[in-house]
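First up is the structure itself, then whatever we jot down about it.
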Amino acid sequence: VDSAGSTAEQVVDAARKALEPWEARGFRYSLVGGPVEFVVAGRDLDQQVQRLVPVIVAFVAVVLLLAFRRIAPSIVALLTAGLALVCTIGVQGWLGWPRTSFFQVLPPLMLTIGVCYGIHVVSTYAESLSTYPDGGDGLSFPEREHLVQQTLDQVRRPAFYTALTTAAGFASFYGSGLESLVRFGAIAAFGVMAAFAATFL
379 VDSAGSTAEQ VVDAARKALE PWEARGFRYS LVGGPVEFVV AGRDLDQQVQ
429 RLVPVIVAFV AVVLLLAFRR IAPSIVALLT AGLALVCTIG VQGWLGWPRT
479 SFFQVLPPLM LTIGVCYGIH VVSTYAESLS TYPDGGDGLS FPEREHLVQQ
529 TLDQVRRPAF YTALTTAAGF ASFYGSGLES LVRFGAIAAF GVMAAFAATF
579 L
C-alpha cells in the first residue's frame with residue numbers, strides 16, 4: 379500500500395498473527411524483508427533508547443555536578459535540554475512524521491547537544507564570579523543580574539554560530555534521497571536551534 383512505518387508494523391503484526399497457529403504446532407518461522415527489518419530494528423532500538431536515556435541523564439547530571447559543584451545550575455542545564463527535546467519531539471508528532479529507526483537516536487543526541495549551551499553559560503558566569511575577591515558572594519541581586527546579562531551577551535554569539543553550523547550540518551541531509559534521513563536532518567536541525575533558544579531565552 380505504502381512505505382509508511384505504521385503500515386510496516388501492521389504487515390509484520392499480521393504476519394506474526396497468521397503464523398501463530400502453525401508455531402503452536404511446532405513449526406518455526408523467520409520473517410525477512412524490508413518491513414520486518416524496519417519494525418524489528420525500530421522496536422529494538424526504541425526499547426534500547428528508553429533504557430539508555432535515563433542513564434544518559436544521570437551520567438550528564440553527575441558530570442555537571444562534578445563540574446559546577448552546585449545543584450541549581452546542573453538542573454537548569456538539564457531542564458533547558460529537556461525542554462528543547464520535548465519541543466522537538468512535539469513538532470515531529472505535530473508534523474505527523476513516524477518514528478523510524480533514524481529518529482530513535484534523537485533523544486540521546488538532543489540531550490548531549492542541548493546541555494552544551496548551558497555548560498558554556500554557567501562556566502562563563504562562574505569565571506566572571508571568580509574575578510571577585512569573595513567569589514561574588516557579596517554581590518547584590520541587581521549586580522548578579524547584570525553579571526548574568528553580561529555572560530549571556532558574551533556567550534550568545536559564539537553559541538549561536540555553533541548552533542547554526544550544527545543545524546546546517548543536519549539540514550544538509552536534505553540532499554539525501556532517503557525521506558527518513560531528510561526528515562531526521564530537518565527535525566534535528568530544529569532541535570539544535572530549540573536548545574539554543576531554550577538556553578538563552
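The opening residue of the sequence shown carries number 379 in the numbering used here; numbering runs sequentially from there.
Ideal Cβ positions, reconstructed from N, Cα and C, are used throughout, including at glycine.
None of the values given here were measured: they were computed from a predicted structure.
Please state whether DSSP places residue i in a helix, a strand or coil.
i, result
"Leu556", "coil"
"Ser550", "helix"
"Leu579", "coil"
"Arg448", "coil"
"Gly460", "helix"
"Val570", "helix"
"Phe405", "coil"
"Ala327", "Only positions 379 to 579 of the chain appear in the structure, and residue 327 is not among them; the question remains open."
"Asp391", "helix"
"Ala436", "helix"
"Gly411", "coil"
Please go through the same chain and pick out, in chain order, the residues whose beta-carbon is closer than 8 Å to the beta-carbon of residue i, but skip the five residues on each side of it.
i, result
"Ile497", "Leu442, Ala445, Ala455"
"Pro486", "Val427, Leu430, Val431, Ile434"
Taking its Cβ as the centre, do 16 or more other Cβ atoms sit within 10 Å of residue i, making it buried, or is it exposed?
i, result
"Thr458", "buried"
"Leu579", "exposed"
"Gly562", "Here the sequence assigns Phe to residue 562, which means Gly is not the residue at that position. With 16 or more other Cβ atoms within 10 Å, it is buried."
"Thr544", "buried"
"Ala392", "exposed"
"Val449", "The displayed chain sequence assigns Ile, not Val, to residue 449. Ile449 should be labelled exposed."
"Ala436", "exposed"
"Phe481", "buried"
Mind reading off the beta-carbon distance from residue i to residue j? Whole number of angstroms is fine, and I expect it under 8 Å.
i, j, result
"Thr466", "Leu484", "7 Å"
"Tyr495", "Ala546", "About 17 Å separates the two Cβ atoms, so there is no contact after all."
"Phe568", "Leu559", "Going by Cβ atoms, the distance from Phe568 to Leu559 rounds to 15 Å, so no, they are not a contact pair."
Less than 6 Å between C-beta atoms, sequence neighbours within five positions excluded: which residues of the same chain meet that for residue i?
i, result
"Tyr503", "Thr529"
"Leu525", "Ser506"
- Jot down the residue ranges of each uninterrupted beta strand (DSSP E) in the segment 470-545, minimum 3 residues, whole runs only, in chain order. None, since the segment 470-545 contains no complete beta strand (DSSP E) of that length.
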